[in-house]
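Here the structure comes first, spelled out in C-alpha cells, and everything after it is commentary.
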Amino acid sequence: MTKRQSRMVWVGVLLGGVALAAVLGFKALRENMMYFYTPTDLAANDAPRNARVRLGGLVERGSLVRGEGLLVTFTLADCAQKVSVRYEGILPDLFREGQGIVATGALGDDGAFTADEVLAKHDENYMPPELAEGLKSADGRHNCAPFKSVNGNLASADAPALAR
Amino acid sequence: MWTWFHRLASPPTFYRLADRYSPWLAVLSLLLIGYGLVGGLWLAPPDYQQGDAFRIIYVHVPAAWLSLSGYVAMAAAAAVAIIWRIKLAECVVVAIAPVGASFTALALITGMLWGKPMWGKYWVWDARLTSELVLLFLYLGVLGLNRAFEDPRAGARACGLLALVGVVNVPIVHYSVEWWNSLHQGSTVSRIGKPAIAASMLWPLLSMTFGCMAFFGWAVLRRVQNDVLLRERRSTWVAALLGERKAAGHV
Chain A
1 MTKRQSRMVW
11 VGVLLGGVAL
21 AAVLGFKALR
31 ENMMYFYTPT
41 DLAANDAPRN
51 ARVRLGGLVE
61 RGSLVRGEGL
71 LVTFTLADCA
81 QKVSVRYEGI
91 LPDLFREGQG
101 IVATGALGDD
111 GAFTADEVLA
121 KHDENYMPPE
131 LAEGLKSADG
141 RHNCAPFKSV
151 NGNLASADAP
161 ALAR
Chain B
1 MWTWFHRLAS
11 PPTFYRLADR
21 YSPWLAVLSL
31 LLIGYGLVGG
41 LWLAPPDYQQ
51 GDAFRIIYVH
61 VPAAWLSLSG
71 YVAMAAAAAV
81 AIIWRIKLAE
91 CVVVAIAPVG
101 ASFTALALIT
111 GMLWGKPMWG
121 KYWVWDARLT
131 SELVLLFLYL
141 GVLGLNRAFE
151 DPRAGARACG
161 LLALVGVVNV
171 PIVHYSVEWW
181 NSLHQGSTVS
191 RIGKPAIAAS
201 MLWPLLSMTF
211 GCMAFFGWAV
221 LRRVQNDVLL
231 RERRSTWVAA
241 LLGERKAAGH
251 V
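If you read the sequences in order, they're chains A and B. Take full-length UniProt numbering: the final residue in the first sequence is number 164, and no numbers are missing along the way. Take full-length UniProt numbering: the final residue in the second sequence is number 251, and no numbers are missing along the way.
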C-alpha cells in the first residue's frame with residue numbers, strides 16, 4: 001500500500017468512526033433531542049409528571065373556547081391522542097384551529113394541561129391565498145405527521161388525524 | 001485521466017483559469033439574485049397564512065442551503081488536501097471557511113427575525129436551530145485554527161482534519177426536522193415528488209439559490225487566488241505574472 005492509499009483508508013476510517021459514534025450517541029439521546037412531547041406520550045405516561053414540559057400538536061378544529069380576558073381552552077391532538085389545554089396569555093398571530101403549536105406547561109392531576117407559553121409551529125407549505133381557498137376542504141393542509149412520539153409509540157401518518 | 005486534475009491543481013494554471021472565469025460567476029450571480037429579489041419581494045404572491053412575512057424565505061433558505069453545501073465542499077477539499085497533499089486544496093479549505101460562516105450567520109439571523117413574528121420567539125433550542133449553530137462554530141473553529149498556526153501548511157492540515165470530522169454535522173442539520181420533534185418546520189423544496197410551495201413562489205427562490213451559489217463560487221475563487229499569490233510570492237510564475245501586469249499598466 002502506498003502512502004497515499006493508506007491516507008485514503010485513514011480518512012475513510014475516521015469518517016466511519018465519527019459517523020458511528022454520532023449514530024450511537026443520538027440513538028441513546030433520542031428523547032433528549034425531542035423538542036416536545038406529544039399527546040400520545042402523555043397518554044402513555046412517557047412524559048415526566050408534575051414537571052414543566054413542552055407539548056406539541058394540532059389545535060383540534062371546533063375545540064377552541066375563549067374565556068374571560070385572555071383565557072383560552074382548546075384540545076391539542078396528534079395522530080392518535082388528544083389532551084385538553086388551558087392557557088392565559090398572548091397567542092401568536094398564527095394560532096388558529098387546525099394549526100400546529102407547541103405549548104409549555106405542566107399536566108395537572110385532572111389530565112388537563114396548563115400552559116404558560118404557546119408557540120406556533122407552522123408547516124412547510126407555502127401558497128397564495130387563492131390557492132389555499134380552493135384547498136379548504138382538501139386533506140393534508142395540516143398534517144399530524146410532524147408530531148412524533150418520543151418512544152416511537154404509534155403515531156404513524158396513516159392513523160386517522162383527529163385534528164383535521 | 002488524472003492529468004487534468006494535476007494541471008488544475010498547479011497554482012499558475014488555476015490562477016489564470018480563475019482570473020478568466022470568475023467575472024462570469026459574478027455577472028451570473030448579479031443577474032440571478034436581481035431577478036430573485038424582484039420576483040420574491042414584489043412578484044410572488046403573499047402566503048395564505050404568513051402574509052408578506054414569508055418573503056424572508058428568499059434570503060433564509062438560500063443562506064441555509066449554502067451553509068450546508070459550502071461545508072460539504074470544504075470537507076471534500078479537506079479530504080483532497082489530506083490524501084493528495086495538494087496545496088491548492090488547502091487554500092480552498094481556508095478560503096471557504098469565512099464565506100460559509102457568513103452564510104451560516106445570515107441563515108441564523110434571518111431565521112431569528114422570521115421566528116419572532118411567526119413562532120412567537122427569536123430562538124428555541126430545538127434540534128434544527130442548535131445543529132445549525134454548531135455548524136457556525138465549526139466554520140469559526142476552522143477559521144480560528146488556521147490563524148493559530150505560523151506555518152500555513154501545518155495550519156491547513158489541522159483545519160482539514162476539523163473540517164473532515166465536522167462533516168458529520170451536515171446530515172444532522174438536514175434531517176433534524178425528520179428524525180426529531182422540532183419547532184422548525186420540515187423541508188419544503190427538497191421533498192421528493194412535489195415541492196410544498198406554489199410555482200409562482202418557487203422560481204424566485206431557486207433563482208436566489210443559484211445566484212447565491214454563483215456568488216459563493218466567485219468569492220471563494222477570489223480568496224483562493226489571493227491565498228495562492230501570498231503563499232507563492234517568491235516563485236517565478238508570480239514574478240512573471242507581475243511583470244505582465246506591469247507591462248499592461250494594471251499595477
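Glycine included, C-beta positions come from ideal geometry on N, C-alpha and C. Since the model is a prediction, treat every value here as computed from it, not as a measurement.
Burial state of residue i (16 or more Cβ within 10 Å)
i: A/Asp2; result: The sequence shown places Thr at residue 2 of chain A, not Asp. It counts as exposed.
i: A/Val85; result: buried
i: B/Ala247; result: exposed
i: A/Gly17; result: exposed
i: B/Pro23; result: exposed
i: A/Asn143; result: buried
i: B/Val124; result: buried
i: B/Trp2; result: exposed
i: B/Gly34; result: exposed
i: A/Ser6; result: exposed
i: residue 265 of chain B; result: Given a span of 1 to 251 for chain B in the structure shown, any question on residue 265 of chain B remains unanswerable.
i: B/Cys129; result: The sequence as given places Leu at residue 129 of chain B; Cys does not occur at that position. Buried, since its Cβ has 16 or more Cβ neighbours within 10 Å.
i: B/Ile96; result: buried
i: A/Tyr126; result: buried
i: B/His60; result: buried
i: B/Ala154; result: exposed
i: B/Arg7; result: exposed
i: A/Asp123; result: buried
i: A/Ala161; result: Note on A/Ala161: pLDDT 44, under 50, position unreliable in the model; the coordinate value appears next. So A/Ala161 ends up on the buried side.
i: B/Tyr58; result: buried
i: B/Ser10; result: exposed
i: residue 239 of chain A; result: In the structure displayed, chain A extends from 1 to 164; residue 239 of chain A sits before or after that span and is not available.
i: B/Glu132; result: buried
i: B/Leu205; result: buried
i: A/Lys82; result: buried
i: B/Leu17; result: exposed
i: B/Tyr71; result: buried
i: residue 256 of chain B; result: In this structure chain B extends from 1 to 251, so residue 256 of chain B is not present and cannot be described.
i: A/Leu58; result: buried
i: residue 307 of chain B; result: Any property of residue 307 of chain B remains undetermined from this structure, which presents chain B solely from 1 to 251.
Endpoints, the alpha helix (DSSP H) within which residue i is located
i: B/Leu241; result: 236–248
i: B/Gly223; result: Inspection of the sequence shows that residue 223 of chain B is occupied by Arg rather than by Gly. Unbroken alpha helix (DSSP H) run through B/Arg223: 199–231.
i: A/Leu42; result: 39–43
Rounded Cβ spacing between residue i and residue j (contact assumed at less than 8 Å)
i: A/Arg61; j: A/Gly98; result: 5 Å
i: B/Leu32; j: B/Arg55; result: The pair is not a contact, with the Cβ atoms about 17 Å apart (cut-off 8 Å).
i: B/Leu68; j: B/Val173; result: 6 Å
i: B/Leu183; j: A/Tyr35; result: 6 Å
i: B/Ala156; j: B/Ala81; result: 6 Å
i: A/Val118; j: A/Phe95; result: 7 Å
i: B/Phe5; j: B/Val228; result: About 17 Å separates the two Cβ atoms, so there is no contact after all.
i: A/Ala51; j: A/Tyr37; result: Not a contact, Cβ separation roughly 11 Å.
i: B/Ala127; j: B/Trp180; result: 4 Å
i: B/Ala101; j: B/Leu164; result: With a Cβ gap of about 17 Å, B/Ala101 and B/Leu164 do not count as contacting.
i: B/Ala78; j: B/Gly160; result: 4 Å
i: B/Gly217; j: B/Leu25; result: 5 Å
i: B/Pro45; j: B/Ser200; result: 6 Å
i: B/Trp119; j: A/Ala132; result: Between A/Ala132 and B/Trp119 the Cβ distance is about 20 Å, and since that is not below 8 Å, they are no contact.
Unbroken beta strand (DSSP E) run spanning residue i, endpoints
i: A/Leu29; result: Looking at the DSSP string, A/Leu29 is not in any beta strand (DSSP E), and its letter there is neither H nor E.
i: A/Asp116; result: 113–120
i: B/Thr3; result: No beta strand (DSSP E) holds B/Thr3; the alpha helix (DSSP H) holding it covers 3–8.
i: A/Gly57; result: 53–59
i: A/Ala77; result: 71–77
i: A/Thr104; result: 100–107
i: A/Tyr87; result: 82–88
Beta-carbon neighbours of residue i, restricted to chain E and to distances below 8 Å
i: B/Trp84; result: Protein chains A and B are contained in the structure displayed, whereas chain E is not.
What beta strand (DSSP E) runs, 3 residues minimum, are completely inside the UniProt domain "Cytochrome c assembly protein" (26–184) of chain B?
As far as the UniProt domain "Cytochrome c assembly protein" (26–184) of chain B is concerned, it has no whole beta strand (DSSP E) run of at least 3 residues.
Return the residues of the stretch 90–110 of chain A that lie within a Cβ-Cβ distance of less than 9 Å from chain B, sorted by chain order.
Of all residues in the stretch 90–110 of chain A, Ile90, Leu91, Pro92, Asp93, Leu94, Phe95, Arg96, Gln99, Gly100, Val102 have a Cβ within less than 9 Å of some Cβ in chain B.
Please list the residues of the stretch 7–26 of chain A that have a C-beta atom closer than 9 Å to any C-beta atom in chain B, keeping them in chain order.
For the stretch 7–26 of chain A, the beta-carbon criterion of a distance under 9 Å to any beta-carbon of chain B is satisfied by Arg7, Met8, Trp10, Val11, Leu14, Leu15, Val18, Ala19, Ala21, Ala22, Phe26.
Tell me which residues of the stretch 86–104 of chain B have at least one Cβ-Cβ distance to chain A shorter than 7 Å, keeping chain order.
So nothing in the stretch comes that close.
Please name the residues in the stretch 45–73 of chain A whose beta-carbon is closer than 7 Å to at least one beta-carbon of chain B, in chain order.
The stretch 45–73 of chain A vs chain B, Cβ under 7 Å: Gly56.
Using a beta-carbon distance cut-off of less than 9 Å, what residues from the stretch 112–123 of chain A approach chain B?
Listed in sequence order: Glu117, Val118, Leu119, Ala120, Lys121, His122, Asp123.
Mind checking the stretch 108–123 of chain B against chain A and listing, in chain order, the residues whose C-beta falls within less than 8 Å of any C-beta there?
Cβ proximity to chain A below 8 Å picks out Pro117, Met118, Trp119, Gly120, Lys121 from the stretch 108–123 of chain B.
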